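What follows is one structure encoded as structure tokens, with my remarks underneath.
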Amino acid sequence: MNRQRGMSSLALVLLILMLGSLMLNGLNQQLNTHIRRTSSESEHLRQYAQVQSAMMWAQRYPWQREPVLQCLRHPSEPWLACLHVLSDQAVLLTAGSGKQRLWRGGRIERNNIVFSAHGWSDFCPHKETELCQIPQNNAD
Numbered sequence: 037m038n039r040q041r042g043m044s045s046l047a048l049v050l051l052i053l054m055l056g057s058l059m060l061n062g063l064n065q066q067l068n069t070h071i072r073r074t075s076s077e078s079e080h081l082r083q084y085a086q087v088q089s090a091m092m093w094a095q096r097y098p099w100q101r102e103p104v105l106q107c108l109r110h111p112s113e114p115w116l117a118c119l120h121v122l123s124d125q126a127v128l129l130t131a132g133s134g135k136q137r138l139w140r141g142g143r144i145e146r147n148n149i150v151f152s153a154h155g156w157s158d159f160c161p162h163k164e165t166e167l168c169q170i171p172q173n174n175a176d
């Protein structure tokens with residue numbers, strides 16, 4: 037009879053160890069998923085801050101009225117920017133860093149380019165695809 041009690045106690049201990057192991061494995065998977073999601077979100081926020089910096093840099097650049105498409109690359113950062121001068125004295129500034137892009141509209145007023153006070157957009161406000169992209173071969 038003592039032998040049977042010892043076996044059932046051992047079986048109960050093994051069952052508890054197995055359940056604990058399964059719970060720890062599930063928690064580890066949840067933790068790994070959370071770490072990947074947090075890392076991905078942190079990287080996205082870093083890229084978004086970079087593209088906002090690129091937009092601020094591009095707005096302060098002394099753009100000219102000609103040519104109708106002007107592009108430039110920041111000397112030390114991975115930023116690109118292009119200004120499209122449109123037909124009705126309107127302009128569209130596209131700034132990018134990595135895969136992120138921002139757009140800002142503006143107008144030519146008294147031979148100066150004045151950008152909209154309403155801020156930038158994270159989607160292109162024009163239907164024409166070529167206005168929404170930064171041509172890689174034109175960036176200086």
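Using my numbering, you'd call the opening residue of the sequence shown number 37 and step up by one each time. Positions of the beta carbon are idealized from the N, C-alpha and C atoms, including for glycine. In this text the structure is predicted, and so the values were computed from the model without any measurement.
Point to revise | Nearest candidate by alpha-carbon position, reference Gln181, set Gly141, Gln136, Ser112 | key: Examination of residue 181 is not possible in this model, given that the chain is present from 37 through 176 alone.
Review point. At what residues does the beta strand (DSSP E) containing Cys107 begin and finish?
Key: Going by DSSP, Cys107 is part of the beta strand (DSSP E) stretching over 105-109.
**Study point:** Alpha carbon of Cys168 to alpha carbon of Arg96, nearest angstrom
**Key:** Cys168 and Arg96 have their C-alpha atoms roughly 20 Å apart.
Exercise for review: Counting only the same chain and skipping the five closest in sequence on each side, list residues whose C-beta sits under 6 Å from that of Ala90.
Suggested key: Result list for Ala90: Trp115, Ala131, Ser133, in chain order.
Check your understanding: Based on Cα-Cα distance, which residue from Gln65, Thr69, Glu113, Pro103 lies nearest to Gln88?
Key -> When each option's Cα is compared against that of Gln88, the closest is Glu113.
Practice item. Since I believe Trp156 is in contact with Leu128 (beta carbons under 8 Å), could you give me their beta-carbon distance rounded to a whole number of angstroms? Key: With 8 Å as the limit, Leu128 and Trp156 do not qualify as a contact, their Cβ atoms being about 11 Å apart.
Review point. Distance, Cα to Cα, Asp158 vs Ile52?
Key: Taking the straight line joining both Cα atoms gives about 53 Å.
Practice item. Closer than 8 Å by C-beta to Glu16: which residues in its own chain qualify, once you throw out the five before and the five after it? Chain order, please. Key: Only positions 37 to 176 of the chain appear in the structure, and residue 16 is not among them; the question remains open.
Check your understanding: Does DSSP put Gly132 in a helix, a strand or coil?
Key -> Of the three classes helix, strand and coil, the one that applies to Gly132 here is strand, per DSSP.
Exercise for review: Determine, using beta carbons only, whether Ala117 and Ala153 come nearer to each other than 8 Å.
Suggested key: No.
Review point. For Ile149, which three-state DSSP category applies?
Key: If DSSP states are grouped into helix, strand and coil, Ile149 belongs with the strands.
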